[in-house]
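Sequences listed follow chains A and B, in order. FYI, the numbering used here numbers position 183 of the first sequence as 187, with every residue one higher than the one before it. FYI, the numbering used here numbers position 273 of the second sequence as 751, with every residue one higher than the one before it. We put the beta carbon where it would ideally sit given N, CA and C, even for glycine. In this text, all values refer to a predicted model and were calculated from it rather than measured experimentally. Single-structure report; data block below.
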Amino acid sequence: MLTILKPKSSGDLARMGVLFALAALILFGALRYDNFLSSFNILSFLRYNSMFTLIALGMAFVIITGGIDLSVGGVAACSSVVAAMLSTHSWWAGLAGGVGTGVLAGLINGLVVTRMRIQPFIATLAMMLASYGAALLLADNQSVSVSYDTGFTVIGQDDFLGFPIAAWIAIAAYIAGWLVLERLPAGRHVLAIGDGEATAGLLGLKVDRTLTVVYLASGALAGLAGVILASQFGAGQPTEGVGWELFAIASVVVGGTLLTGGAGSVGATLAGAAARPGLQHPEFRERSWMDLAVCLLAVGHSRRLPAGGRYPPGQARQQKRSELTWRHYRIFRENRYW
Amino acid sequence: MTMTDTPHKQGGGVSPLLLISRYGTFAAFIALLLFNMAVTPHFLSWQTFNVNLTQVATIVIVATGMTLVISTGGIDLSVGSLMAISGALAPMIFMGKLFPVENTALAVSLAFVIPVAVVALLGAFNGLLVTRFSIQPIVATLVLFIAGRGIAQVMTNGNLQVFKTPSFQFIAMGNLFGIPAQVVLMLIIAALAYTLIRYTVIGTQILAVGGNEKAARLTGIPVKRIKIFVYMISGALAGLAGLVVIARNSASDANVVGLGMELDAIAAVVVGGSLLTGGRANIVGTLIGALVIQLVRYTLLANGVPDAAALIVKAGLIILAVYIQQRADKV
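Have a look at this one:
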């Protein structure tokens with residue numbers, strides 16, 4: 005039983021790649037630019053990228069289940085507006101409001117995916133539109149200033165033990181994410197669902213509930229990113245977050261997680277998320293070619309890994325197989341064999 | 479699909495769900511028209527007609543190609559970026575930045591042909607990734623979705639290209655019998671695609687590939703070639719739409735041309751009633767789907783509802799349309 009649920013070694017090998025790439029990037033940066041490894045540079049890097057890494061973590065879990073969450077950017081924008089509006093009461097009201105917005109959006113995503121059986125791609129796409137709409141409505145098409153009196157801006161701007169608080173939040177989230185994926189049964193369930201939803205159902209796992217929780221978590225992390233965004237920039241930004249979902253997907257894919265689901269790691273996602281902003285080169289010409297390189301790397305991953313024995317080559321056979329097992333699953337469920 | 483399913487379908491008669499899935503979008507379209515005639519002032523004017531149609535023209539052009547791709551069971555996320563590439567390339571050609579052309583007529587016709595051809599080749603590259611390398615369509619087209627806009631920026635050095643070339647801008651500014659040229663273009667393309675799907679062998683083969691790829695391969699249909707063909711068509715149509723957009727704006731900005739177009743196109747296809755799993759291509763549905771989305775937005779705006787609320791309504795519309803399609807397909 006355990007061997008079925010364990011990720012295959014070819015995936016682990018691919019995830020090593022991102023660490024080498026990250027090391028190469030850091031080496032390149034250190035050689036090419038002065039002050040690249042200065043403490044100021046590193047700390048501001050951590051401060052301004054913590055929200056992206058949070059989103060990448062949620063995205064990693066969603067992608068491991070074989071889904072995708074395109075709504076993260078919109079949800080972050082919406083929750084940044086809610087957080088900014090509530091920050092006049094107290095800092096924790098802003099925080100709770102922002103995260104709550106994300107939880108609500110994630111819950112709706114999860115329910116639409118599991119109950120209405122709508123492809124994650126479409127469900128979260130609709131949520132992206134809806135959350136931008138809600139953000140613009142709430143904010144009346146303007147950015148909403150946060151309150152500077154209640155200490156709300158501390159979350160995004162201040163340090164704790166010489167480290168940005170936003171980075172502490174991201175570190176805590178990654179440790180929690182690693183614990184869940186690698187050490188708790190829930191993580192095995194997530195991997196099993198990504199490997200084959202029908203099979204996971206046959207094994208008696210609560211597929212729908214796990215999927216809902218995963219989308220909820222992704223929404224909550226996007227909400228948290230929105231809170232940090234509002235706190236850092238001093239305003240809720242209803243039009244921010246465009247393209248964040250791509251950033252997150254790229255981080256996850258560069259981290260060796262399969263877009264088809266069933267394999268992935270939290271640590272490699274962190275490395276992928278750290279490598280991506282390294283590629284956000286101010287000079288767009290170099291950035292464009294780096295983007296292309298990252299894409300091709302991602303395509304290389306998604307090509308190499310399934311061929312490593314996970315799926316038979318050819319999508320038709322893959323579809324057929326899942327159709328068959330899905331039918332079995334329904335037979336089982338309708339007859340209440342468990 | 480299997481033996482056990484067939485008696486079910488025959489026994490039940492026509493279910494209301496099936497009726498909704500088949501005629502729901504059209505009914506919504508008629509209802510929206512009637513509602514607007516009754517409520518919205520000045521709805522039945524030539525200007526309103528033209529404004530709404532020019533708004534959907536580029537969406538329909540792109541969505542037509544998207545319908546073909548989706549009917550093979552794929553998806554094309556790269557259309558927006560491909561629009562940016564063709565939009566960046568065309569002014570460079572007719573303004574003689576790429577190579578000097580003395581004759582204006584020749585330069586303008588080259589500015590139509592070359593960008594569309596280049597972008598069609600990029601579409602074929604998408605198809606190649608999907609077929610030869612068997613990469614999921616979402617990932618394969620994500621490459622050009624991300625990198626394509628960057629390529630367009632590199633080509634233009636990140637600059638805005640402003641121009642005033644009436645002969646080129648005819649496709650957006652011109653009129654044919656009082657109807658905007660881009661609307662005529664949209665109708666021609668939709669009609670061509672309809673003919674392709676309905677009356678040609680290739681059309682049948684496209685649907686066969688989407689319906690059951692393995693069966694299609696066993697019947698001797700060149701599955702890979704068909705797939706490359708649809709991605710190429712999708713690319714070419716995106717390129718054409720890019721030309722219309724820059725001609726309309728008298729300017730080409732690689733950052734903006736075609737931004738978010740893939741979502742609009744997919745939404746039109748989905749609301750139009752083509753299944754995302756493939757095997758069905760409803761070109762007329764796509765046209766009506768795009769019109770419904772546009773009319774909903776227009777109705778809300780004309781009656782004082784902010785644009786942001788229209789986004790939420792659009793999201794609900796997409797979910798509802800997909801839900802009904804999927805349920806009806808299972809009946």
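- Residue 155 (chain A) and residue 630 (chain B) have their C-alpha atoms spaced approximately 44 Å apart.
- Look at residue 787 (chain B): its C-beta is under 8 Å from a C-beta on chain A.
- In this structure, DSSP gives residue 644 (chain B) a helical state, which the three-state scheme calls helix.
- Distance from the CA atom of residue 623 (chain B) to the CA atom of residue 147 (chain A), rounded to whole angstroms, is 28 Å.
- The residue among A:26, A:273, A:236 with its C-alpha nearest the C-alpha of residue 149 (chain A) is A:236.
- Contact between the stretch 522-531 of chain B and the stretch 539-548 of chain B is absent, with fewer than three C-beta pairs closer than 8 Å.
- Looking at the backbone, the Cα of residue 748 (chain B) and that of residue 670 (chain B) are separated by about 20 Å.
- Residue state for residue 730 (chain B) is assigned as strand, using DSSP reduced to three classes.
- Residue pairing of residue 639 (chain B) in beta bridges, as defined by DSSP: B:730.
- Here DSSP, grouped into helix, strand and coil, assigns residue 188 (chain A) to coil.
- Short of 8 Å from the beta carbon of residue 515 (chain B), and not among the five residues preceding or following it, lie these beta carbons of its own chain, in chain order: 521, 522.
- By alpha-carbon distance to residue 574 (chain B), the top candidate from B:619, B:639, B:541 is B:639.
- DSSP, read as helix, strand or coil, puts residue 654 (chain B) in strand.
- Residue pairing by DSSP puts residue 163 (chain A) in a beta bridge opposite A:168.
- Here residue 239 (chain A) is bridged, per DSSP, to A:149.
- Secondary structure note for residue 570 (chain B): its alpha helix (DSSP H) is the uninterrupted segment 557-572.
- Only residues of its own chain outside the window of five on either side were considered, and among them none has a CB closer than 6 Å to the CB of residue 210 (chain A).
- The DSSP-derived three-state label of residue 213 (chain A) is helix.
- Here residue 145 (chain A) is exposed, its C-beta having fewer than 16 other C-beta atoms within 10 Å.
- Within the stretch 609-621 of chain B, 611, 612, 613, 614, 616, 617, 618, 620, 621 place their CB atoms closer than 8 Å to a CB of chain A, listed in sequence order.
- The beta-carbon separation of residue 751 (chain B) and residue 557 (chain B), rounded to 20 Å, does not stay under the 8 Å limit for a contact.
- In terms of beta-carbon proximity, residue 137 (chain A) lines the interface with chain B, with at least one pair separated by less than 8 Å.
- Within a 10 Å sphere around the beta-carbon of residue 247 (chain A) sit fewer than 16 other beta-carbons, which makes this residue exposed.
- Residue 617 (chain B) sits buried, since 16 or more C-beta atoms from the chains shown fall within 10 Å of its C-beta.
- Contact annotation, residue 241 (chain A) with residue 233 (chain A): C-beta distance approximately 6 Å; criterion of less than 8 Å satisfied.
- The DSSP-derived three-state label of residue 93 (chain A) is coil.
- For residue 135 (chain A), the secondary structure class from DSSP, reduced to helix, strand or coil, is helix.
- Counting only runs of 4+ residues, the alpha helix (DSSP H) found wholly inside the stretch 672-709 of chain B occupies 679-689, 691-696, in chain order.
- Note that the stretch 127-145 of chain A does not touch the stretch 254-271 of chain A; fewer than 3 beta-carbon pairs, one per stretch, sit closer than 8 Å.
- Distance from the CA of residue 614 (chain B) to the CA of residue 84 (chain A), rounded to the nearest whole angstrom, comes to 34 Å.
- For the pair residue 786 (chain B) and residue 86 (chain A), the Cα-to-Cα distance works out to about 16 Å.
- Using beta-carbon distances, residue 63 (chain A) does not count as an interface residue toward chain B, since no partner is under 8 Å.
- The C-alpha of residue 771 (chain B) is placed about 11 Å away from the C-alpha of residue 530 (chain B).
- The shortest C-alpha to C-alpha distance from residue 599 (chain B) to any of B:710, B:668, B:799, B:645 is the one to B:710.
- Rounded to the nearest whole angstrom, the CA to CA distance from residue 26 (chain A) to residue 741 (chain B) is 33 Å.
- Taking the CA atoms as reference points, residue 688 (chain B) sits about 21 Å from residue 716 (chain B).
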